[in-house]
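Asker: Can you read through this structure? Questions will come right after.
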Amino acid sequence: ELAARIEAAEARVAEIEAVFADPSFYAGASPDEVRRLEEERAGLVEEVAALMGEWEGVEEELDSAY
Numbered sequence: 010e011l012a013a014r015i016e017a018a019e020a021r022v023a024e025i026e027a028v029f030a031d032p033s034f035y036a037g038a039s040p041d042e043v044r045r046l047e048e049e050r051a052g053l054v055e056e057v058a059a060l061m062g063e064w065e066g067v068e069e070e071l072d073s074a075y
């Protein structure tokens, strides 16, 4: 489940970054929409970092068990 959550968050970050990479997005997007996506991306990046930390903790526990 942890790996799936990381994958999903990383996939959404990639989707948002693809939107930002499209020059036509900025021509048609409202400032509120840009800000909303920026905030969503920032939250997801933080979530991925936290989940990766959790993943590393689980790996350490498993390593020490063997």
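Position 44 of the sequence shown, counted from 1, bears residue number 53 in the numbering used here, the numbering being contiguous throughout. All C-beta atoms in this analysis are idealised placements derived from N, C-alpha and C, irrespective of residue type, glycine included. None of these values were measured; they are calculated from a predicted model.
Quick one: is Ala51 buried, meaning 16 or more other Cβ sit within 10 Å of its Cβ, or exposed?
Answerer: Residue mapping note: residue 51 aligns to position 42 of the sequence shown, counting from 1. Exposed.
Asker: Relative to the C-alpha of Glu76, which candidate in Phe29, Leu11, Asp72 has its C-alpha closest?
Answerer: Any answer about residue 76 is impossible in this case: the structure gives the chain only from 10 up to 75.
Asker: Helix, strand or coil: which one does DSSP assign to Ala38?
Answerer: Sequence index remark: in the sequence shown, residue 38 carries index 29 (1-based). Of the three classes helix, strand and coil, the one that applies to Ala38 here is coil, per DSSP.
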